[in-house]
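Position one of the sequence shown corresponds to residue 34 (this note's numbering), numbered consecutively onward.
As structure tokens, the structure follows; a few thoughts come after it.
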Amino acid sequence: MVLDRQLRFVDGVPRYAYTVNGAAFPQIEPLVVQEGDTVKLTVVNRTSEPHPMHPHSHHVQVLARNGQPPGMPLVLDTFDVLPGEVWEVLLTADNPGIWVDHCHNLDHAAEGMMMHLQYRGYSSPFTHGGPAGNRAE
């Protein structure tokens with residue numbers, strides 16, 4: 034996952050947005066998992082700001098921060114990716130459903146830095162925006 038700030042269309046307007054893998058929510062492809070999967074994520078922060086990344090209802094095991102493993106087992110629900118840092122973490126898919134993974138600087142999330150963690154076989158009739166008004170806060 035590459036965290037960045039790029040010029041993108043947000044709500045039909047061109048502006049700078051916080052992005053994941055070059056896209057801003059809701060255009061970011063979900064991370065699709067099967068219950069029981071263990072997924073290795075590499076998170077790269079290319080911005081000049083910290084991004085406390087938070088996978089809802091899941092924890093990650095830290096494998097390395099900038100190539101250095103932690104001195105002891107480290108399991109977190111939020112990990113603070115500082116400017117220029119690279120984190121390698123393991124996420125165990127042990128809570129089926131559709132969850133949001135986002136930057137916990139909520140202004141960053143509202144400006145695009147969030148995505149879905151979606152288990153195979155789960156879907157939702159709700160979409161971003163539209164008549165229901167579902168939007169990031």
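Even for Gly, the Cβ is constructed at its ideal location relative to N, Cα and C.
Every value quoted in this text rests on a predicted model; they were computed, and no experiment measured them.
Residue i vs residue j beta-carbon contact at 8 Å
i: residue 124; j: residue 91; result: yes
i: residue 114; j: residue 95; result: no
i: residue 66; j: residue 143; result: no
i: residue 36; j: residue 84; result: yes
i: residue 136; j: residue 51; result: yes
i: residue 77; j: residue 146; result: no
i: residue 80; j: residue 38; result: yes
i: residue 129; j: residue 68; result: yes
i: residue 74; j: residue 148; result: no
Bounding residues of the alpha helix (DSSP H) (the contiguous stretch that carries residue i)
i: residue 139; result: 139–143
Residue span of the beta strand (DSSP E) that contains residue i, given as start and end
i: residue 131; result: 131–136
i: residue 37; result: 35–43
i: residue 146; result: Run containing residue 146: none; DSSP gives neither H nor E here.
i: residue 88; result: 84–88
i: residue 78; result: 71–78
i: residue 112; result: 112–114
Whole-angstrom C-beta distance between residue j and residue i, which should lie under 8 Å
i: residue 118; j: residue 99; result: 6 Å
Spatially closest choice to residue i from the options, by CA coordinates
i: residue 107; options: 45, 113 and 93; result: 93
i: residue 151; options: 62, 57 and 50; result: 62
i: residue 82; options: 116, 46 and 128; result: 116
i: residue 34; options: 111, 97 and 120; result: 120
i: residue 60; options: 105, 71, 73 and 45; result: 45
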